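Asks: Chains as they are written, first to last, in full-length UniProt numbering: chain E, 1 to 343; chain G, 1 to 343. The structure is given below, and queries will be raised subsequently.
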DNA sequence: GGGCAATATCGAAGCGCTTCGACTCGTGGC
DNA sequence: GCCACGAGTCGAAGCGCTTCGATATTGCCC
């Protein structure tokens, strides 16, 4: 392995000079810089990461904690993770992958050992076990998601409450009076995952305000589960003319079932989803949807982290950033049958 | 931050003693060990990762390179990644997440800088640009996937050729004489991704051997793409009575389309998939399938890495390990209509 | 033309850990 | 009763890098 000292010798300068060429923290003459650069090139020098971290107390690594569970929409998770990795790399940082399995102690471990300078947490619960660790050790951190009490924390998320409201608004505007919500999987609610409850809150609030009926049912993504939930919904509320789907894996089963039971979309029932654009656009009926901007979330999370890492510092970098949801109208929503007849 | 020296002072021993308590590389009396452990506990000591890596030249980190692309089945990728992380953690290692974006140079960077001791590569192409780097720098590495020339490399993968053969065998055994393959997305073939071509090879070989007709069409996962491919297949080969699906996102669209065009599964056509168990079991018709053992792949990859890292060393740890595919019969396959009539 | 800023470079002191050699004790063999 | 030896511990020398003074070397102002 080539060391900085060897580069220095090769270039005929001192070790510190090479270091300054690399970091740019002190002025170096053009000639020297060139010579050093050439030596680095020729010798194929790579600074030793550990030595760097030790001397500078900066590891240039951020930890990303992803959930183990698979009852959330997995592609969204991966997309966020990849966006985090890509954005971090662009800033010269690497990403350490932590699974939820190890729990809060993993946070303590990687920040306490100086392995990671900062952390990004995904799949945040309303009352998340990792939060006490964050508040105690206070490493730079960003949550993708919103806990019940975000005070003093740095959070980024889609404004799911607004997303829910947007869905109801769109459907109510078309004339629907009874809306059913095919929610996330039961486990998501059991864990009090923030986004699910906030969406529901938004849906309810707006439905209440607009005087629209709203029925909510958690639902797994399997075909059978969707069939069961759909049957119950139609049984309890025959007047339902629109669905809001939050569990993306339930989208296709729902469409298939509606089709099979002779309900045309959007002529007989409308469907609006909260899901990634790709899912909405590729569905068997292109879906009117509120996009989950996974990439944007990952990117913003990293950017907030760096704002805190390199920025003015202090607690002023905390706070909640909620991305404004956007509803894109596609083929799956339209006026309810009643309106069509009279329209 | 608490250092080893402080622990030593607190416990009334020398720094090296603390180190040996931690590593167990030299005998330490029970009494001393206890005292040191207590001090570590009380002070909340965490060894500094960088210092450790520097002194021992072992970072206890392995790098995992995941593809950026999204035309492969994403949940499989995430599941492998999570399995890798979990298994590595159980051995005291952390996982660094690299995206394909940076290309081969990322490999050089993380191994050259001592950041990662070893690498695991996913989404291996038949002629992968990262292989030259591996052969040149020769860091401990395991590929999840199989390149065209695996000589000197350490590979783990499902035996996709056998998987393909298994599908054909199962269907031929049921009496099918014309089989259509709904393949992976065109991009997968364009990149010469190993698993796709090997599956196809296995399918063709066995079909040839058994005198069964085989028609292969690459296919994206979108509903429209599947519809197009299905129409063409049925047009070209009206006698097709069975489908093998390799692109998991195409599964539901295919089932929906068959249903809609009045073809019952498995009465009129059989469907066999190569996909994760979860997808097969949760499909609208539970699918006869060859499982893609994502977790097992991740675990085996890490285990091979450690065998090489801590084991006897030398090139004897290279080689290819192909997991034997298992076909599980579910509801989606049965005899072709012709057989049923006469049976 | 003496002094004073930059500018450019060097040497040395760590960063916190691992590891090697050396030292001090018992203990058992003979 | 002496030697050899293993068990248990310590001190010191790095690992490769950053960074903080110093030390030249240059202009440039008045």
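Even for Gly, the Cβ is constructed at its ideal location relative to N, Cα and C. All of these numbers come straight from a predicted model, not from anything done at the bench.
Under a three-way DSSP split, which group does residue 255(E) fall into?
Replies: For the purposes of this step, residue 255(E) is taken as the residue at position 255 of the first chain. In this structure, residue 255(E) counts as helix in the three-state DSSP scheme.
Asks: Excluding sequence positions up to five away, which residues of its chain have a Cβ less than 8 Å from the Cβ of residue 254(G)?
Replies: Locating residue 254(G) in the second chain gives position 254, where the first residue counts as 1. Hits under 8 Å: 182, 226, 230, 243, 245 and 271.
Asks: Let me know the beta strand (DSSP E) ranges lying completely inside the region 125 to 166 of chain E, each 3 residues or longer, listed in chain order.
Replies: List check, beta strand (DSSP E) in window: 141 to 144 and 154 to 158.
Asks: Could you please give me the residues that DSSP links to residue 81(E) through a beta bridge?
Replies: If you number the first chain from 1, residue 81(E) lands on position 81. BP columns for residue 81(E) are empty, so no partner.
Asks: So for residue 180(E), helix, strand or coil by DSSP?
Replies: Position 180 of the first chain, counted from the first residue, corresponds to residue 180(E). In this structure, residue 180(E) counts as strand in the three-state DSSP scheme.
Asks: Give the range of the alpha helix (DSSP H) segment to which residue 66(E) is assigned.
Replies: Along the first chain, read from residue 1 onward, the residue named residue 66(E) stands at position 66. Note, residue 66(E): premise wrong, no alpha helix (DSSP H); beta strand (DSSP E) at 61 to 66.
Asks: Given residue 333(G), which residues of its chain have a CB within under 6 Å of its CB, disregarding the five upstream and five downstream residues?
Replies: Looking up residue 333(G) in the second chain gives position 333. The answer, listed in chain order, is 266, 270, 272 and 288.
Asks: For the beta strand (DSSP E) containing residue 213(E), list its first residue and its last residue.
Replies: Here the question's residue 213(E) lines up with position 213 in the first chain. From DSSP, the beta strand (DSSP E) with residue 213(E) extends over 213 to 217.
Asks: Would DSSP call residue 54(E) helix, strand or coil?
Replies: If you number the first chain from 1, residue 54(E) lands on position 54. Helix at residue 54(E).
Asks: Starting from residue 4(G), find everything on chain E with Cβ-Cβ shorter than 9 Å and list it in chain order.
Replies: Working through the second chain from its first residue, we reach residue 4(G) at position 4. Within 9 Å Cβ-Cβ: nothing; residue 4(G) doesn't reach chain E, min ~12 Å.
Asks: Based on Cα-Cα distance, which residue from 69(G), 325(G) and 63(G) lies nearest to residue 81(G)?
Replies: Within the second chain, numbered from 1, the residue matching residue 81(G) stands at position 81. Looking at the Cα atoms, 63(G) is the closest of the given residues.
Asks: Give the residues of chain E in contact with residue 109(G), contact being defined as C-beta atoms less than 8 Å apart.
Replies: Sequence index remark: in the second chain, residue 109(G) carries index 109 (1-based). What residue 109(G) touches in chain E: 46.
Asks: Which residues, taken in chain order from the region 227 to 241 of chain E, show a beta carbon closer than 7 Å to some beta carbon of chain G?
Replies: Hits within the stretch: zero.
Asks: Using only CA atoms, which one of 166(E), 56(E), 155(E) and 123(E) lies nearest to residue 117(E)?
Replies: Within the first chain, numbered from 1, the residue matching residue 117(E) stands at position 117. Selected option, being the one with the closest Cα: 56(E).
Asks: Would you tell me roughly how many angstroms separate the C-alpha atoms of residue 343(G) and residue 285(G), rounded to the nearest one?
Replies: Taking the second chain and counting its residues from 1, one reaches residue 343(G) at position 343. Taking the second chain and counting its residues from 1, one reaches residue 285(G) at position 285. A caution first: residue 343(G) carries a pLDDT of 45, below 50, which makes its placement in the model unreliable, though a value can still be read off. Distance between the alpha carbons of residue 343(G) and residue 285(G) is about 23 Å.
Asks: Can you have a look at residue 328(E) and say buried or exposed, based on whether 16 or more other CB atoms are within 10 angstroms of its CB?
Replies: In the first chain, counting from the first residue as 1, residue 328(E) sits at position 328. Result: exposed.
Asks: Is there a C-beta anywhere in chain G that falls below 7 Å from the one on residue 94(E)?
Replies: Taking the first chain and counting its residues from 1, one reaches residue 94(E) at position 94. Output row for residue 94(E): interface = yes.
Asks: Between which two residues does the alpha helix (DSSP H) containing residue 41(E) stretch?
Replies: Your numbering for residue 41(E) matches position 41 in the first chain. Per DSSP, residue 41(E) belongs to the alpha helix (DSSP H) from 30 to 43.
Asks: Could you tell me which chain G residues have their CB closer than 7 Å to the CB of residue 253(E), listed as they occur along the chain?
Replies: The residue given as residue 253(E) occupies position 253 in the first chain. 284, listed in chain order.
Asks: Taking the DSSP output, what are the residues bridged to residue 98(E)?
Replies: Mapped onto the first chain, residue 98(E) falls at position 98. Partner(s): 65(E).
Asks: Determine the burial state of residue 99(G): buried for a count of at least 16 other Cβ atoms within 10 Å of its Cβ, exposed for fewer.
Replies: For this step, residue 99(G) is matched to residue 99 along the second chain. The residue is buried, with at least 16 neighbouring Cβ atoms inside 10 Å.
Asks: For the region 194 to 220 of chain E, which residues have a CB atom closer than 9 Å to at least one CB atom of chain G, in sequence order?
Replies: Under the 9 Å Cβ criterion, the region 194 to 220 of chain E contributes 220.
Asks: Select from the region 62 to 81 of chain G all residues with a C-beta closer than 8 Å to any C-beta belonging to chain E, and list them in chain order.
Replies: The region 62 to 81 of chain G vs chain E, Cβ under 8 Å: 64, 66, 68, 70, 74, 75, 77, 78, 79 and 81.
Asks: If residue 49(G) sits next to residue 114(E), beta carbons under 8 Å apart, how far is it from one beta carbon to the other, in whole angstroms?
Replies: Along the second chain, one-based indexing puts residue 49(G) at 49. Along the first chain, one-based indexing puts residue 114(E) at 114. 6 Å between Cβ atoms; contact.
Asks: Is it right to say residue 159(G) is buried, meaning 16 or more other beta carbons lie within 10 angstroms of its own, or is it exposed?
Replies: Within the second chain, numbered from 1, the residue matching residue 159(G) stands at position 159. Classification of residue 159(G): buried, given that the 10 Å Cβ count is 16 or more.
Asks: In angstroms with no decimal places, state the Cα-to-Cα distance between residue 191(G) and residue 129(G).
Replies: Taking the second chain and counting its residues from 1, one reaches residue 191(G) at position 191. Taking the second chain and counting its residues from 1, one reaches residue 129(G) at position 129. Taking the straight line from one Cα to the other gives about 11 Å.
Asks: Residues of chain E with a CB under 9 Å from the CB of residue 89(G): which are they?
Replies: In the second chain, residue 89(G) corresponds to position 89, counting from 1. By Cβ distance, chain E contributes 98, 99, 101, 102 and 106.
Asks: Secondary structure at residue 222(E), three-state DSSP: helix, strand or coil?
Replies: Within the first chain, the letter at position 222 stands for residue 222(E). Coil at residue 222(E), not helix or strand.
Asks: When you compare the CB positions of residue 60(E) and residue 93(E), do they come within less than 7 Å of one another, or not?
Replies: Mapped onto the first chain, residue 60(E) falls at position 60. Mapped onto the first chain, residue 93(E) falls at position 93. Yes, Cβ-Cβ distance for residue 60(E) and residue 93(E) is below 7 Å.
Asks: By the DSSP assignment, the alpha helix (DSSP H) with residue 319(G) in it spans what residues?
Replies: Walking along the second chain from the start, residue 319(G) turns up at place 319. Looking at the DSSP string, residue 319(G) is not in any alpha helix (DSSP H); the run it does join, the beta strand (DSSP E), is 319 to 323.
Asks: Is the shortest distance between the beta-carbon of residue 345(G) and the beta-carbons of chain E less than 7 Å?
Replies: The requested residue 345(G) is not part of the displayed model; chain G covers only 1 to 343.
Asks: Which of the three DSSP states is assigned to residue 19(G) in this structure?
Replies: Here residue 19(G) refers to the residue found at position 19 of the second chain. The answer is helix: DSSP assigns residue 19(G) an H, G or I state.
Asks: Skipping 5 residues on each side, what residues in its chain have a beta carbon closer than 8 Å to that of residue 127(E)?
Replies: On the first chain, position 127 is the one that residue 127(E) refers to. Same-chain partners within the cutoff: 147, 148 and 192.
Asks: Would you mind working out which of 168(E), 305(E) and 72(E) sits nearest residue 213(E), comparing C-alpha positions?
Replies: Residue 213(E) sits at position 213 when you count from the first residue of the first chain. Ranking 168(E), 305(E) and 72(E) by Cα distance to residue 213(E) puts 168(E) first.
Asks: Which residue's Cα is closest to the Cα of residue 281(E): 304(E), 251(E), 306(E) and 256(E)?
Replies: On the first chain, position 281 is the one that residue 281(E) refers to. Of the listed residues, the one whose Cα sits closest to residue 281(E) is 251(E).
Asks: Quick check on residue 289(E): does DSSP put it in helix, strand or coil?
Replies: Taking the first residue of the first chain as position 1, residue 289(E) is located at position 289. Strand.
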